[in-house]
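Heads up: the structure comes next, in structure tokens.
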Amino acid sequence: MSSEVENVIIIGTGCAGLTSAIYTSRANLNPLVLEGNLPGGQLTQTSEVENFPGFPEGVDGFMLMDSLRKQATKFGTRFGQAIIDSVDFSASPYTLKAGDKEYKAKSVIISTGAAPRMLGVPGEKEMFGGKGVTTCATCDGAFYRDMDVVVVGGGDTACEEALFLTRFASKVYLIHRRDELRASKVMADRTIAHEKIEMVWDTVLDEVVADDQGFATAVKVTNKKTGEASTIDAKGIFIAIGHIPNTGPFAEALETDEEGYFKPTLGSQVQTNIPGVYVAGDCADHVYRQAITAAGMGCQAAIEAERWLAEQ
């Protein structure tokens with residue numbers, strides 16, 4: 001148990017957390033960053049990032065996050081390994097508990113991200129992040145130009161992914177386990193009517209099939225009504241069944257929406273109902289979920305924390 005009270009503790013080391021670290025360390029706040037189970041966040045599992053500004057040839061996801069970490073370290077950011085179990089934001093300094101460890105801070109930036117919901121079928125994990133299975137059409141759609149792809153899901157997100165992919169793919173199979181989409185009527189109608197999208201109703205994905213090099217080449221599916229099994233050839237498999245925000249340990253102290261995402265105060269993307277406590281990145285953003293928007297929120301949270309501390 002540490003008796004030292006930190007100026008700012010940042011929880012999470014994705015784009016949001018590391019950008020917050022860069023800004024707060026340059027402001028001489030000597031931030032402490034707590035890394036969880038996946039240092040660097042989801043981008044460390046991505047082989048190539050082509051849409052992060054400043055890298056015309058693209059950049060390896062792990063290398064990008066490693067560069068951000070080195071940049072934060074350069075300005076004095078400290079790192080520690082901890083998974084927060086619970087928090088006490090009822091009085092300042094705020095208390096963060098991780099097992100038998102306890103941390104205290106004047107301000108806190110939470111950037112714990114969100115985990116994509118996965119199907120849990122054979123081949124999915126093995127080919128996730130660069131070998132054909134992905135959860136982001138905006139991030140990876142351009143890699144599948146003139147190829148057949150599969151989208152799994154039935155909500156607005158799945159429809160948006162499928163429609164976006166028609167810009168690149170030769171054909172998009174939208175697999176849904178029911179006989180109608182859960183998406184809004186406008187989005188559903190637009191999706192079903194698109195000439196490049198083929199609806200695969202009442203169907204579940206059973207397995208992602210790999211080629212000799214370990215890259216996705218097809219999916220095995222089963223029609224729930226008829227029991228018929230079949231194979232759909234596809235190079236890209238986009239799982240669009242939602243995300244799970246990593247907000248559990250903080251949910252009692254901070255406001256969240258019906259899906260569990262942090263709910264910032266009106267007029268802000270990062271301020272919470274607790275003064276001096278800020279949120280950034282995918283744990284509070286279920287609309288954009290991009291590396292650059294997470295970094296932008298990290299910047300906002302850091303500047304807000306710096307200003308708030310200066311006023312105290």
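Just so you know, the UniProt record's numbering puts 263 at position 263 of the sequence shown, and the rest follows in order with no gaps. Ideal Cβ placement from N, Cα and C applies to all residues, glycine included.
Leaving aside the five residues that flank Ser86 on each side, the residues in its chain whose CB is nearer than 7 angstroms to its CB run, in chain order, Lys97, Pro249.
Val108 and Phe238 do not touch by the CB rule: their CB atoms are close to 34 angstroms apart, not below 8 angstroms. Per the coordinates, the alpha-carbon of Gly12 lies some 44 angstroms from the alpha-carbon of Lys225. Beta-bridge analysis with DSSP links Thr112 to no other residue. In summary, Lys235 is buried, with 16 or more beta-carbon neighbours lying within 10 Å of its beta-carbon over all protein chains present. Look at Arg190 here: in three-state DSSP terms it is helix.
DSSP, reduced to helix, strand and coil, places Ile175 within a strand of the structure shown. In this structure, Leu34 and Asn7 do not form a Cβ contact; the two beta carbons are roughly 14 angstroms apart against a cut-off of 8 angstroms. With respect to Gln42, Gly113 sits close: the two C-beta atoms are nearer than 8 angstroms. Two segments are said to touch when three or more pairs of C-beta atoms, one from each, lie closer than 8 angstroms; by this definition the region 88–95 does not touch the region 174–182. The closest CA to that of Lys196, considering only Phe262, Glu311, Val172, is found on Val172. In the three-state reduction of the DSSP assignment, Gln213 falls in the coil class. Of the residues Glu306, Arg307, Asp282, the one whose Cα lies closest to the Cα of Pro116 is Asp282. Across the set Phe143, Glu102, Lys104, the C-alpha of Phe143 shows the shortest separation from the C-alpha of Gly58. Beyond the five residues adjoining it in sequence on each side, Phe262 comes within less than 8 angstroms, by CB distance, of Ile110, Pro245, Thr247, Phe250, Leu254, Glu255, Thr256, Thr272, Val279, Cys283, Ala284 in the same chain, given in chain order. Put simply, of Glu207, Leu64, Asn37, Pro31 the residue whose alpha carbon is nearest the alpha carbon of Ile292 is Leu64. Rounded to whole angstroms, the Cβ separation of Gly40 and Ala294 is 12 angstroms, and the two are not in contact under 8 angstroms. Taking the C-beta atoms as reference points, Ile274 is found nearer than 8 angstroms to Phe89.
Residues Leu32 of the same chain have their beta carbon placed closer than 6 angstroms to that of Arg78, with the five preceding and five following residues left out of the count.
For Met199, the enclosing beta strand (DSSP E) begins and ends at 197–200.
Beta-bridge partners of Asp233 (DSSP): Ala218. Ala218 sits close to Ile232, with the two beta carbons spaced by under 8 angstroms.
Distance check between Trp201 and each of Glu207, Met187, His176 places His176 closest, using alpha-carbon atoms only.
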